[in-house]
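A.B. asks: Could you have a look at this structure, given as structure tokens, before my questions?
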Amino acid sequence: MNKKVFMTLILCFVLITAGCSSGLFEDEVLRIATTTSLDNSGLLALLVPDFEYEYEVEVEIIAVGTGQALALGENGDVDLVLVHAPELEIAFVDSGYGTERHVIMYNDFIILGPESDPANISNLPLSADAITKISESNSIFVSRGDNSGTHFKENQIWADAGLDPDQNGEWYNSVGQGMGASLVIANEKEGYILSDRGTYLSQKENLPNLVVLFGGDSSDKNPDLLLQNIYSVIPINPEKFENVNADLSDLFVEWISSIEIQNQIGEFGVSEFGIPLFYSNSTEWISSNSLYIEPQDNLKQENNSG
Amino acid sequence: MVNNELLEIIFLTLRVSGSALAIACVLGIPFGLILGSEEFRGKKIIQLLISTGMGLPPVVVGLVVYLLLSNQGPLGTINWLFSPSGMILSQSILAFPLAAGFTSSAIAAVSPKLIIQIRSMGTTSWQEKITIFSQARNGIIAAVLAAFGRIISEVGAVMLVGGNIEGHTRVLSTAIVLETRQGKFAFALSLGFVLLGIALLANSLTYYFGGQWEK
């Protein structure tokens, strides 16, 4: 008797498992490779469930470094990449791995350091000047050192300053870790570090030894255009990898570029940090926004004259 | 990564894991010897703690050592965080229970009849210990190898406490994590083979010399 019950249970289990794995009860899946910094911000966790609900699909987010995210795309292991290293992205599309690069939003990078600011970098106009001063004073500098989008930006600043960080000494610490872990190390060492503003704001409470020394109060007030951090989505080329879900990734691009979602992006973080963590920047949003700017300007003039 | 850097990483790996192994063995083997051969109050509890310690998660050890050594921590002033010394400390903690536990079981497994025989020969307590020790030497070699295997490949504690700083605290296991995160899978895998090679070499040498000793 017991044996019968047991066998029935086993049979049920096998059938359910088989049913699930054969896709009977499963939604379509969209795999997105993105960077840890974006994933840590919580933006995707807020937006993506709406997409899943609206189109009855399942989205899997794989959060890794930009280098690995692009490598996942180059191997056809994901359907879409969402990263922030324009030069690498353009090369990625040029090599035929991605179909097209769609800019969706931006924020910025800032230089953090101890309040005492031993290298005296606050109030400088350019990030290259700041990094030169840090290097000249041999102040502790923590580098991501992991070929991530942020590390790429660091190297751009070094190049802009005409310096080669690899030849530097004891004060230069290449840690090869994610943004959060690197910030914790900079905080412990009371050193300087380049960070995206979002990750810093979300971890600020645990970083008592760090303050913003370069980059201003919000992303749109950053004095150095080089520190803009532009995020794009790139669908993986279905001609190269048959297994990728091209229809679904095109749908995602269309959805995230839409005015409605772009507005949500621009509001994200305002209630918690007082400033937006991301600024909307899709082609659709820019073109619709330029229509809005004119009447607003007219309104201002009327107010001024009145 | 340049060859020079690779050598630096291999050298640091050997230095950190080697020092940790030496510390763990110098403390753990005598500890296991006493634990395996003496009777005293609280022995069962210590045995329980040691065997639990064999399964200590490296990240947890890393976290505790991190908090100890952090700026705000009680040992913040010695500046061991993000240094090889801090890494050696956490790996020693990880390896100690293995060295002590396996030694103690090896000692306890020596036949009681043999011990009675040794005692009947009128040996001192010290001579008795040395004889038991040499009888249990294969088990003790296994203890050393287990401790070595635990720490050479360990990544959680050295990543947290060392910080994976290039040219300073980057070891093979943390370099593998870094290369994988960058999507350089082939290079990461070849670093894995270097790590395996070191483990193979260490084991071969131990077996070879252990075997010689037995003859």
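These protein sequence lines map, in sequence, to chains Z and S.
Under the working numbering, read the first sequence as residues 6 to 311, first letter to last.
Under the working numbering, read the second sequence as residues -5 to 209, first letter to last.
We put the beta carbon where it would ideally sit given N, CA and C, even for glycine.
Apart from the five residues on each side of it in sequence, which residues of its chain come closer than 6 angstroms, Cβ to Cβ, to F157(Z)?
C.D. replies: Correct list, in chain order: A90.
A.B. asks: Which residues in chain S have a C-beta closer than 7 angstroms to the C-beta of V180(Z)? List them in chain order.
C.D. replies: Under the 7 angstroms cutoff, chain S gives G157, N158, I159.
A.B. asks: Going along chain B in order, which residues have a C-beta closer than 7 angstroms to the C-beta of N(-3)(S)?
C.D. replies: No chain B is part of this structure, whose protein chains are labelled Z and S.
A.B. asks: Taking the straight line between their C-alpha atoms, what separation do you get for T71(Z) and G67(S)?
C.D. replies: Each residue's alpha carbon lies about 34 angstroms from the other.
A.B. asks: Just the C-alpha distance for Q73(Z) and P240(Z), rounded to the nearest angstrom, thanks.
C.D. replies: Cα-Cα distance, rounded: 16 angstroms.
A.B. asks: DSSP three-state call for L253(Z): helix, strand or coil?
C.D. replies: Helix.
A.B. asks: Among the candidates D84(Z), E94(Z), D99(Z), whose CA atom is the shortest distance from the CA of V108(Z)?
C.D. replies: Nearest C-alpha to V108(Z): E94(Z).
A.B. asks: At the 8 angstroms Cβ level, is L1(S) part of the contact set with chain Z, yes or no?
C.D. replies: Output row for L1(S): interface = no.
A.B. asks: Tell whether a beta-carbon distance below 8 angstroms holds between L69(S) and L63(S).
C.D. replies: Yes, these two residues count as a Cβ contact at 8 angstroms.
A.B. asks: Leaving out five residues before and five after A166(Z) in sequence, what residues of the same chain have Cβ atoms less than 7 angstroms from its Cβ?
C.D. replies: So the qualifying residues of the chain are A133, I136, T137.
A.B. asks: On the three-pair Cβ rule with 8 angstroms, is the region 122 to 131 of chain S touching the region 159 to 166 of chain S?
C.D. replies: No contact exists between the region 122 to 131 of chain S and the region 159 to 166 of chain S.
A.B. asks: For Q208(Z), write down the residues that DSSP places opposite it in a beta bridge.
C.D. replies: Partner(s): none; Q208(Z) has no beta bridge.
A.B. asks: I'd like to know if S79(S) contacts chain Z, where contact means its C-beta is closer than 8 angstroms to some C-beta of that chain.
C.D. replies: S79(S) does not count as touching chain Z.
A.B. asks: Using CA atoms only, rank isn't needed, just tell me which of G181(Z), D222(Z), A76(Z) is closest to G279(Z).
C.D. replies: Answer by Cα proximity: D222(Z).
A.B. asks: Alpha carbon to alpha carbon, what distance is there between S13(S) and A164(Z)?
C.D. replies: If I take the Cα positions, the gap works out to 40 angstroms.
A.B. asks: If you draw a straight line from the C-alpha of V34(Z) to the C-alpha of E63(Z), how long is it?
C.D. replies: If you take the alpha carbons of V34(Z) and E63(Z), they lie about 5 angstroms apart.
A.B. asks: DSSP three-state label for P130(Z), please.
C.D. replies: Three-state DSSP puts P130(Z) in coil, outside helix and strand.
A.B. asks: By Cβ distance below 7 angstroms, which residues in the same chain neighbour L51(Z) in space, the five residues on each side in sequence not counted?
C.D. replies: Excluding sequence neighbours, L51(Z) sits near F273.
A.B. asks: How big is the Cα-Cα spacing for N303(Z) and D44(Z)?
C.D. replies: Interpretation of N303(Z) is limited by its pLDDT of 41, a score under 50 that renders its predicted location unreliable; the figure taken from the coordinates is listed afterwards. Distance between the alpha carbons of N303(Z) and D44(Z) is about 40 angstroms.
A.B. asks: Any idea what DSSP makes of M12(Z), helix, strand or coil?
C.D. replies: M12(Z) falls in the helix class under three-state DSSP.
A.B. asks: Give, in chain order, every residue of the region 121 to 152 of chain Z whose Cβ lies closer than 7 angstroms to some Cβ of chain S.
C.D. replies: Per Cβ criterion, the list reads G150, D151, N152.
A.B. asks: What number of angstroms, rounded off, separates the C-alpha of F96(S) from the C-alpha of L42(S)?
C.D. replies: Cα-Cα distance, rounded: 13 angstroms.
A.B. asks: When we look at the beta-carbon of G191(S) and count the other beta-carbons within 10 Å, is it buried (16 or more) or exposed?
C.D. replies: So G191(S) ends up on the exposed side.
A.B. asks: Between the alpha carbons of L218(Z) and S224(Z), how many angstroms are there, rounded?
C.D. replies: Each residue's Cα considered, the two are about 14 angstroms apart.
A.B. asks: Cβ of K245(Z) less than 8 angstroms from any chain S Cβ?
C.D. replies: It does not; no Cβ of chain S falls within 8 angstroms.
A.B. asks: Distance cutoff 8 angstroms, beta carbons only. Does A68(Z) sit that close to anything in chain S?
C.D. replies: For A68(Z), the answer is no, since every Cβ of chain S falls outside 8 angstroms of its Cβ.
A.B. asks: How long is the line joining the alpha carbons of E79(Z) and F97(Z), rounded to whole angstroms?
C.D. replies: In a straight line, the C-alpha of E79(Z) is about 8 angstroms away from that of F97(Z).
A.B. asks: Got a sec: is the Cβ-Cβ distance from G177(S) to anything in chain Z below 8 angstroms?
C.D. replies: Chain Z, which has a Cβ nearer than 8 angstroms to the Cβ of G177(S), makes this yes.
A.B. asks: Which of the three DSSP states, helix, strand or coil, is assigned to I162(Z)?
C.D. replies: Helix, per DSSP.
A.B. asks: From the beta carbon of I198(Z), is the nearest beta carbon of chain S less than 8 angstroms away?
C.D. replies: Closer than 8 angstroms: no.
A.B. asks: So, does the region 286 to 294 of chain Z touch the region 130 to 145 of chain S, judging by three or more C-beta pairs under 8 angstroms?
C.D. replies: The region 286 to 294 of chain Z, when compared against the region 130 to 145 of chain S, does not touch it at the 8 angstroms Cβ threshold.
A.B. asks: So, is the C-beta of G72(Z) closer than 8 angstroms to a C-beta in chain S?
C.D. replies: By this cut-off, G72(Z) is an interface position.
A.B. asks: Report the CB separation of A94(S) from G22(S) in whole angstroms; it is logged as a contact under 8 angstroms.
C.D. replies: Yes, they are in contact, since the Cβ atoms of A94(S) and G22(S) sit about 4 angstroms apart, within 8 angstroms.
A.B. asks: Counting contacts by CB-CB distance shorter than 8 angstroms, is L75(Z) in contact with chain S?
C.D. replies: For L75(Z), the answer is yes, since a Cβ of chain S falls inside 8 angstroms of its Cβ.
A.B. asks: Using CA coordinates, which residue listed in F146(Z), A191(Z), L188(Z) is at the minimum distance from P170(Z)?
C.D. replies: Among F146(Z), A191(Z), L188(Z), the Cα nearest to that of P170(Z) belongs to F146(Z).
A.B. asks: Just how far apart, CA to CA, sit K37(S) and V55(S)?
C.D. replies: Looking at the two C-alpha atoms, the distance is approximately 24 angstroms.
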